[in-house]
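Protein chains: 2
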Amino acid sequence: MSFKRMNPLALAVLALLAERPMHPYEMAQTMRERHQEEVIKLNYGSLYTVVEQLAKHELITASATQKAGNRPERTVYAITDTGTAELHDWLRELIAVPAKEYPRFEAGISMVGLLPPDDALAVVEQRCAAVDEQLTALAVLLERLAGMGLPQLAWIELDYRMAMLRAERAWLTWFATATREGAVGGYDHWEGKHR
Amino acid sequence: MSFKRMNPLALAVLALLAERPMHPYEMAQTMRERHQEEVIKLNYGSLYTVVEQLAKHELITASATQKAGNRPERTVYAITDTGTAELHDWLRELIAVPAKEYPRFEAGISMVGLLPPDDALAVVEQRCAAVDEQLTALAVLLERLAGMGLPQLAWIELDYRMAMLRAERAWLTWFATATREGAVGGYDHWEGKHR
DNA sequence: TCCCAAATACTCGGTGCCGAGTATACGCAC
DNA sequence: GTGCGTATACTCGGCACCGAGTATTTGGGA
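Going down the list, the protein sequences come from chains V and E. At position 115 of the first sequence (counting the first as 1) the number is 115 in full-length UniProt numbering, and the numbers step up by one without a gap. At position 160 of the second sequence (counting the first as 1) the number is 160 in full-length UniProt numbering, and the numbers step up by one without a gap.
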């Protein structure tokens with residue numbers, strides 16, 4: 001049975017090993033330093049599972065078990081040729097084919113009619129504020145990264161996320177206004193039910 | 001131990017039972033009819049697990065086991081008062097507080113530098129086309145729903161999704177152009193590496 | 001009236017994922 | 001030199017989730 005592309009953490013592992021051989025714990029460190037854990041969910045349990053999985057399918061191989069000082073043994077892994085091929089192919093797929101995801105907010109907003117309009121307005125405004133905060137935090141981060149001389153390509157995913165957050169904020173603002181003015185289609189019935 | 005809000009499917013169950021008592025299979029049917037399964041992942045295994053969970057915490061109760069015709073027994077559930085409270089509170093949280101999610105595309109685009117610029121351009125253009133298709137499909141669906149006399153509030157989540165898709169398309173278009181023209185920050189180094 | 005496809009209603013074994021826990025080693029203070 | 005907090009490196013039990021599979025019933029065509 002061939003390798004199944006599920007946990008994106010496996011992709012991150014391949015990408016890291018494409019740079020140089022590492023042991024799992026070092027991968028985690030590196031991902032933290034580079035703020036990759038903001039884009040790909042990282043935790044130890046999954047990391048070791050995923051590494052084992054990749055090794056089983058020979059996309060990576062245990063290249064050495066070193067012993068520095070008196071610390072416990074560490075297994076250092078290296079990427080194989082099939083691994084490199086898999087990395088590129090997976091990456092292409094991830095970008096080219098939009099995956100079906102289920103954002104929590106979509107689920108929430110689809111049922112907003114269950115809340116009285118006042119409450120709905122309040123929570124939407126709360127979210128709008130939260131999104132605004134994330135947006136300014138991101139702007140600050142971008143400023144810092146650019147200031148450090150990092151090229152745009154190094155933080156392109158943040159650029160994307162900012163664009164998405166801006167779009168969400170715009171939509172939230174529209175919805176809040178429409179609700180406040182009773183201008184959202186079906187408002188009368190909505191308002192009537194909750195009285 | 002109190003009820004843990006994890007699977008949004010549980011929220012859908014509460015919402016359906018807020019309308020009228022149902023048995024699990026009927027919930028699935030109703031969700032399908034209303035295209036709710038596009039917003040909330042539905043499958044039988046999870047459905048029955050989630051219903052059991054809700055019952056254990058007394059957010060819903062088995063109100064009857066009917067036997068229509070000679071079919072197997074069906075357990076009909078009804079929402080309780082605590083259940084209704086939970087529904088509203090969960091809904092408020094879901095809308096007000098942006099959840100940390102890990103969209104696959106962000107993971108992918110963050111590593112786009114590993115692909116040669118030509119390949120990158122190609123896959124981004126593929127995605128752009130795919131997003132475009134989704135967008136027109138959505139537009140058609142909206143047309144139909146509005147034509148059926150459904151108020152905007154009934155398909156507000158599709159409105160939101162369209163806004164997000166439009167934003168993504170815009171970003172993809174920008175990135176494709178920038179790549180084609182070598183205008184993305186760090187392009188020279190990128191192009192140099194892959195030769 | 002007989003047969004078969006589709007619908008009904010649910011079950012259950014397997015798998016991925018998680019994160020708190022463990023155990024050792026290093027470094028710094030006093 | 002001894003105590004203690006932090007860093008290193010990994011493990012393991014458990015739980016949510018999944019979806020193919022099962023068993024029965026209904027409907028409709030030949």
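Positions of the beta carbon are idealized from the N, C-alpha and C atoms, including for glycine. Everything numeric in this text was worked out from a predicted model, so none of it was measured.
- E:THR30 is the residue among E:THR30, E:SER46 and E:TRP90 whose C-alpha sits nearest the C-alpha of E:LEU17.
- Between V:LEU42 and V:ARG32, the C-beta spacing is below 9 Å.
- Within the DSSP secondary-structure output, E:VAL76 pairs in a beta bridge with E:ALA64.
- Looking at the backbone, the Cα of E:GLN36 and that of E:ARG195 are separated by about 48 Å.
- Taken through DSSP and simplified to helix, strand or coil, V:MET22 comes out as strand.
- Apart from sequence neighbours up to five positions away, the residues of its chain that approach V:ARG180 with a beta-carbon distance below 7 Å are LEU121, ordered along the chain.
- Taken atom to atom, the span from the alpha-carbon of V:ALA55 to that of V:ALA15 is near 15 Å.
- Where E:LEU172 is concerned, the enclosing alpha helix (DSSP H) starts and stops at 156-180.
- Cβ atoms of V:PRO117 and V:TRP174 stay farther apart than 8 Å, at about 15 Å.
- Neighbours of V:LYS41 across chain E, judged by C-beta separation under 8 Å: TYR102.
- Under the 8 Å Cβ criterion, the segment 91-105 of chain V counts as touching the segment 125-137 of chain E, having at least three qualifying pairs.
- For E:SER110, there is no enclosing alpha helix (DSSP H), since its DSSP letter is neither H nor E.
- Measuring C-alpha to C-alpha distances from E:ALA10 to each of E:GLY186, E:TRP90 and E:PHE105 identifies E:TRP90 as the nearest.
- Residues of the segment 71-92 of chain E whose Cβ lies closer than 9 Å to any Cβ of chain V, in chain order: LEU87, HIS88, TRP90, LEU91 and ARG92.
- Only ARG166, ALA167, GLU168, ALA170, TRP171 and PHE175 from the segment 166-181 of chain E bring a Cβ to less than 8 Å from some Cβ of chain V.
- The beta carbon of E:MET148 sits no closer than 9 Å to any beta carbon of chain V.
- Contact check for E:VAL76 against E:ALA64 passes: the beta carbons are separated by less than 9 Å.
- When 7 Å is used as the limit between beta carbons, E:ILE60 is near no residue of chain V, the shortest such separation being about 16 Å.
- One finds VAL39, GLU157, TYR160 and ARG161 in chain V with Cβ atoms closer than 7 Å to the Cβ of E:GLU106, taken in chain order.
- Per DSSP, V:LEU91 is one residue of the alpha helix (DSSP H) stretching across 81-96.
- Contacts with chain E at 9 Å (Cβ-Cβ) include V:HIS189.
- The alpha-carbon of V:GLN126 is positioned some 13 Å away from that of V:ILE109.
- Rounded to the nearest angstrom, the gap between the Cα atoms of V:ALA139 and E:MET111 is 21 Å.
- Scanning V:GLY83, V:ASP159 and V:GLY45 for the CA closest to the CA of E:GLU168 turns up V:ASP159.
- At a beta-carbon threshold of 7 Å, none of the residues of chain E lie near V:ASP132; the nearest stands roughly 11 Å away.
- Of the candidates V:LEU115, V:MET6, V:THR61 and V:LEU142, the residue whose Cα lies closest to the Cα of V:PRO24 is V:THR61.
- In terms of Cβ geometry, E:PRO8 and E:LEU87 do not form a close pair [threshold 9 Å].
- E:ALA139 is outside the set of residues whose beta carbon lies under 9 Å from a beta carbon in chain V.
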